[in-house]
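Just so you know, we're using numbering that gives the first Met the number 0 here: the sequence shown kicks off at 0 and counts up by one.
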Amino acid sequence: MASIRDAFKSKIPSLREDVERLVAEHGDKVIAEATVAQAYGGMRGLRCMVCDTSLVKPDKGLILRGTPLSELTHLSPEDEFYLLLTGDIPDKAASKELGDELASRSHVPDYVFDVIRAVPKTSHPMAMLSMAVLALEEGSKFRAAYNEGVRKEEYWESVLDDSLDLIAKLPTVAAAVYRVRYDLGDLIPRDPNLDWSANFTHMMGVPDTTGTLGELTRLYLMIHADHEGGNVSANLCHTAGSALSDSYYSVAAGLCGLAGPLHGLANQECLRFHLQIMEKFGGVPSKDQLKEYAWEILNSGRVIPGFGHAVLRETDPRYTALHEFAMKACPDAELFKLANTMYEVIPGVLTEHGKAKNVNPNVDALSGVLLYEYGIKQPRFYTAIFGVSRALGMLAQLVVNRAMKTPITRPKSVSTAWIKEQVGAK
Ligand code: CMX
């Protein structure tokens, strides 16, 4: 099977032809209408953005290049990147070639570690990670190619180079953020015998006491990579990239969005919520105690982290994948027992509360629990781990968009006065 570059390159002519014909023959057909509620409601459900790497179906969850997540959780994150970009799962040879290519691109210049060390220790790891990604921008091959006048048809080649470089370096950079931010001692070098995921937790210095840390890291980094195009991180990366900002600028933009508590930071908030409950009740509370506490949270105007979703209307299949892993790896862990009690109690409480459109758990209801059980006891770092994974999806989408010559994003904004006039409101 071909290398990731050749496999993608061979698909570009037919992808371009297909979309050009679609727009030429059906360009004036209507696919979406916007209501006033959507204009004021985060454009929820508005179908006016294209993303071919993955799709989130309200009743089924994440579908990657046409295949449900549940059938793909055996893939390594690197193979998933191959799939997201090309639409194909690599065979052994192509997978090894990609792994070797990432290893060969993994060197991080020393000045990037200096940037990480220069930031106050009180900074959030997501701020440190975003800064480190921006520091890597100095080496952008797309920016250099653009300055030399590369043709639009060929933008994708150097964007793919930057993207592979960034993916290769991200575990080293994020692990450095972890060790510096939490005063864990010297940085740990990459181990050439480990793959991309296993190297990440190795460089963080997380002890593998059960022999299953590598499996958890692979699964975690796999399931968080892509979640179609409209979520905050993917959308921000897409918009920055549409201005031809290179992969580093675009991923940094996406990471800044991921850092929000309603998006990627929810895993941190969720674990903190679990720990608070354990402390308050001196262990796993009874269902009645948990129900009462959940009402206390809701009545004080706060959300219950780890439940609900902007698009999904069923249990998140990413939650299901983590649950299956936890059932094998740590069925007796107290935090896992609490997560299970929450699964039994919270949907009923949220249903009675009557606001949330989805009362089921999302991926964050379990992701932090597992990281904590495996010895990563700093919840503020969890979103940075999510960020390393989400970069795969953001970058696959970015390369596809440059290959498709997607123009700069520029929706038309309208004023409240215009909307009032439009609908005949006073
Ligand atoms: N606890 C309490 N209230 C909730 C809730 C929850 N878990 N989920 C939704 N609601 C509330 C909303 O805050 C909203 O209230 P208002 O009308 O007062 O503003 C109402 O129910 C309707 O919200 P919705 O349409 O069902 O959900 P949204 O699309 O507005 O928001 C999300 C989605 C994820 C931000 C929301 O469910 C939430 O805040 N959940 C908790 C945080 C969380 O787990 N985030 C992780 C998301 C995972 C991901 O990004 O992939």
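We put the beta carbon where it would ideally sit given N, CA and C, even for glycine.
Quick caveat: nothing in here was measured; it's all calculated off a predicted structure.
Do you know offhand how far L183's Cα is from L254's?
Taking the sequence shown and counting its residues from 1, one reaches residue 183 at position 184. Taking the sequence shown and counting its residues from 1, one reaches residue 254 at position 255. Spanning the two alpha carbons is a distance of roughly 24 Å.
For D17, count the other beta carbons within 10 Å of its own beta carbon; 16 or more makes it buried, fewer makes it exposed. Which is it?
Taking the first residue of the sequence shown as position 1, residue 17 is located at position 18. Exposed: under 16 other Cβ atoms inside 10 Å.
Determine the direct distance from the alpha carbon of R104 to that of Y219, and round the result to whole angstroms.
Locating residue 219 in the sequence shown gives position 220, where the first residue counts as 1. Locating residue 104 in the sequence shown gives position 105, where the first residue counts as 1. When rounded, the distance between both Cα atoms is 23 Å.
To the nearest angstrom, report how far apart S388 and L63 are at their CA atoms.
Reading the sequence shown from its first residue, position 389 is the one you call residue 388. Reading the sequence shown from its first residue, position 64 is the one you call residue 63. Cα to Cα, S388 sits roughly 15 Å from L63.
Between which two residues does the alpha helix (DSSP H) carrying S246 extend?
On the sequence shown, residue 246 is found 247 positions in, with the first residue counted as 1. It spans S246 to L257 - the alpha helix (DSSP H) in which S246 sits, taken as one unbroken run.
Straight-line Cα distance separating A355 from D58:
The sequence position of residue 58 within the sequence shown is 59, counting from 1. The sequence position of residue 355 within the sequence shown is 356, counting from 1. Spanning the two alpha carbons is a distance of roughly 15 Å.
Taking its Cβ as the centre, do 16 or more other Cβ atoms sit within 10 Å of I3, making it buried, or is it exposed?
By 1-based counting over the sequence shown, the position of residue 3 is 4. In the assembly as shown, I3 is a buried residue. Its beta-carbon has 16 or more other beta-carbons within 10 Å.
V205, DSSP secondary structure in three states
In the sequence shown, the residue the question calls residue 205 occupies position 206. Residue state, collapsed to three classes: coil.
Helix, strand or coil for G392 per DSSP?
Your numbering for residue 392 matches position 393 in the sequence shown. Of the three classes helix, strand and coil, the one that applies to G392 here is helix, per DSSP.
Within the same chain, show all residues whose beta-carbon is closer than 7 Å to that of Y318, passing over the 5 residues directly before and after it, in chain order.
Taking the first residue of the sequence shown as position 1, residue 318 is located at position 319. Result list for Y318: P360, N361, V362, A364 and L365, in chain order.
For the beta strand (DSSP E) that L493 lies in, which residues bound it at each end?
This structure does not reach residue 493, given that the chain is present from 0 up to 425, and the question cannot be answered.
Count the other C-beta atoms from every protein chain shown that fall within 10 angstroms of the C-beta of W417, then say buried if there are 16 or more, exposed otherwise.
Position 418 of the sequence shown, counted from the start, is the residue given in the question as residue 417. Result: exposed.
For T216, name the three-state secondary structure that DSSP assigns.
Taking the sequence shown and counting its residues from 1, the one referred to as residue 216 is at position 217. Helix, per DSSP.
Please determine, among S9, D27, S13 and A38, the residue with the shortest C-alpha to C-alpha distance to K411.
Walking along the sequence shown from the start, residue 411 turns up at place 412. Looking at the Cα atoms, A38 is the closest of the given residues.
Considering only the beta carbon of each residue, do Y81 and L97 sit closer than 8 Å?
Residue mapping note: residue 81 aligns to position 82 of the sequence shown, counting from 1. Residue mapping note: residue 97 aligns to position 98 of the sequence shown, counting from 1. Their beta carbons are under 8 Å apart, which means Y81 touches L97 by this criterion.
Nearest to T85 by alpha carbon, out of R271, S13, Y154 and Y145?
Mapped onto the sequence shown, residue 85 falls at position 86. The candidate whose alpha carbon is nearest that of T85 is S13.
Give, in chain order, every unbroken run of the alpha helix (DSSP H) that is at least 4 residues long and sits entirely within the region 136-166.
The alpha helix (DSSP H) runs of length 4 or more contained entirely in the region 136-166 are, from start to end of the chain, 140-146.
Exposed unless 16 or more other CB atoms sit within 10 angstroms - verdict on T382:
Within the sequence shown, numbered from 1, the residue matching residue 382 stands at position 383. Buried, by the Cβ-count rule.
Going straight from the alpha carbon of Y145 to that of E153, what length do you get?
Residue mapping note: residue 145 aligns to position 146 of the sequence shown, counting from 1. Residue mapping note: residue 153 aligns to position 154 of the sequence shown, counting from 1. Each residue's Cα considered, the two are about 10 Å apart.
Run through the region 42-94 for me and flag every whole beta strand (DSSP E) of 3 or more residues, listed as ranges in chain order.
53-56 and 60-63
Taking the alpha helix (DSSP H) that C329 falls in, what are its first and last residues?
Position 330 of the sequence shown, counting from 1, holds the residue named residue 329. No alpha helix (DSSP H) contains C329, which DSSP labels as neither H nor E.
Can you give me the C-alpha to C-alpha distance between V149 and V35, rounded to a whole angstrom?
Position 150 of the sequence shown, counting from 1, holds the residue named residue 149. Position 36 of the sequence shown, counting from 1, holds the residue named residue 35. C-alpha separation (whole angstroms): 43 Å.
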